[in-house]
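Asks: So the sequence shown is numbered by this note's numbering: it starts at 855 and just counts up by one.
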Amino acid sequence: MKRIGLLGGMSWESTALYYRLLNQGVAERLGDLHSADCVVVSIDFAPIAKWQAEGRWDEAGRYLAEKACSLEAAGADLVLLCTNTMHLVAAQIQDAIDIPLLHIIDVTADAARQAGLSSLGLLATRFTMEHPFYRDRMRSRGLEILVPDVPSREIVHRIIYEELCRGIVTEDSRARIRDVIGELGAQGAEGVILGCTEIELLMSQSDSAIPVLATTALHSAAAVEAAVT
855 MKRIGLLGGM SWESTALYYR LLNQGVAERL GDLHSADCVV VSIDFAPIAK WQAEGRWDEA
915 GRYLAEKACS LEAAGADLVL LCTNTMHLVA AQIQDAIDIP LLHIIDVTAD AARQAGLSSL
975 GLLATRFTME HPFYRDRMRS RGLEILVPDV PSREIVHRII YEELCRGIVT EDSRARIRDV
1035 IGELGAQGAE GVILGCTEIE LLMSQSDSAI PVLATTALHS AAAVEAAVT
């Protein structure tokens, strides 16, 4: 079994979900008492969140690249960056290590294509929805991304940072996100990407009338596949 390196803590709430999904996935594949061979670097999220808000992406990239190097030094065979937003600096991280970074956008794009979807709504942090990195990488794979309007983007961003990253899950926020999904469907989205790893703590397929692509679950499943085959 290959060793999976988790670069997490952004936030730890979703990193805990990664850990559970990886171990469940390995157990399902291998049976008996098997669990994932993994090593975790869980960073303090506060400095990262500050750099995000200030647009200091290069500084954040250098920091995360250094942490990825420590995963490689600990024997990781591949790295999972346990956050969608910080894939904005994925190239900096990959350039710093000699092992593969399993890119969450590529995994999600593969799932969309397999499902026959071509136009996808994106629910994520404001940074992910407004910066071009997600949209451009999807478009390079023949997929079109739709984002909510400005007021709805602010609602989603606030729920992520003020609630989900703090472990707060409410029915009111679930209803608000459900409404945003409905708006995206009305714009022509054939499916919706839960493009923030924390959103899966709140939303599932049962909350959406259109297909849901849950990036944390997809990313974890791809890592299990890479580790055990």
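We treat Cβ as the ideally placed atom computed from N, Cα and C, and that holds for glycine.
The structure presented is a predicted model; accordingly, all values stated were derived computationally and were not measured.
Just to confirm, are L934 and H1073 a CB contact at a threshold of 8 Å?
Replies: yes
Asks: Assign C936 to one of three DSSP states: helix, strand, or coil.
Replies: coil
Asks: Between the Cα of G862 and those of A890, E913, F981 and L925, spot the shortest distance and give me the residue it belongs to.
Replies: L925
Asks: Where do the N-terminal and C-terminal ends of the alpha helix (DSSP H) with A1080 fall, by residue?
Replies: T1069 to V1082
Asks: What residues in its chain sit with their C-beta under 6 Å from that of R980, if we drop five residues either side in the sequence?
Replies: R1007 and H1011
Asks: Pick helix, strand or coil for S1058, following the three-state DSSP scheme.
Replies: coil
Asks: Mind checking who S994 pairs with in its DSSP beta bridge?
Replies: DSSP lists no partner for S994.
Asks: Which ranges does the alpha helix (DSSP H) cover as unbroken runs of at least 4 residues, wholly within the stretch 971-1016, from first to last along the chain?
Replies: Counting whole runs of 4 or more residues, the stretch 971-1016 contains the alpha helix (DSSP H) stretches 980-984, 986-993 and 1004-1012.
Asks: Work out the CA separation of L955 and A928 for me, nearest whole Å.
Replies: 15 Å
Asks: Whether or not the stretch 897-915 and the stretch 870-880 are in contact is what I'm after, with contact meaning three or more pairs of Cβ atoms, one per stretch, closer than 8 Å; do they touch?
Replies: no
Asks: Nearest to G1042 by CA position, among V1004, E998, T982 and G1021, is which residue?
Replies: Closest by C-alpha distance to G1042, out of V1004, E998, T982 and G1021, is E998.
Asks: Are A914 and V943 closer than 8 Å when you measure CB to CB?
Replies: The Cβ atoms of A914 and V943 lie closer than 8 Å to each other.
Asks: Does the distance from the C-beta atom of T962 to that of L1056 stay below 8 Å?
Replies: no
Asks: Go ahead and label T1070 buried or exposed: buried means 16 or more other beta carbons lie within 10 angstroms of its beta carbon, across all protein chains shown.
Replies: buried
Asks: If A1077 and I858 are in contact, beta carbons under 8 Å, what's the gap, nearest whole angstrom?
Replies: 5 Å
Asks: Runs of 4 residues minimum, wholly inside the stretch 891-926: which ones carry the alpha helix (DSSP H) assignment?
Replies: 899-908
Asks: DSSP has L860 in a bridge; who is on the other side?
Replies: V894 and L934
Asks: My output table needs one value for G879: the three-state DSSP class, helix, strand or coil.
Replies: helix
Asks: Roughly how many whole angstroms lie between the Cα atoms of D886 and R1028?
Replies: 37 Å
Asks: If I measure Cβ to Cβ from A965 and keep anything under 8 Å in the same chain, skipping five residues before and after, which residues do I get?
Replies: L1067 and L1072
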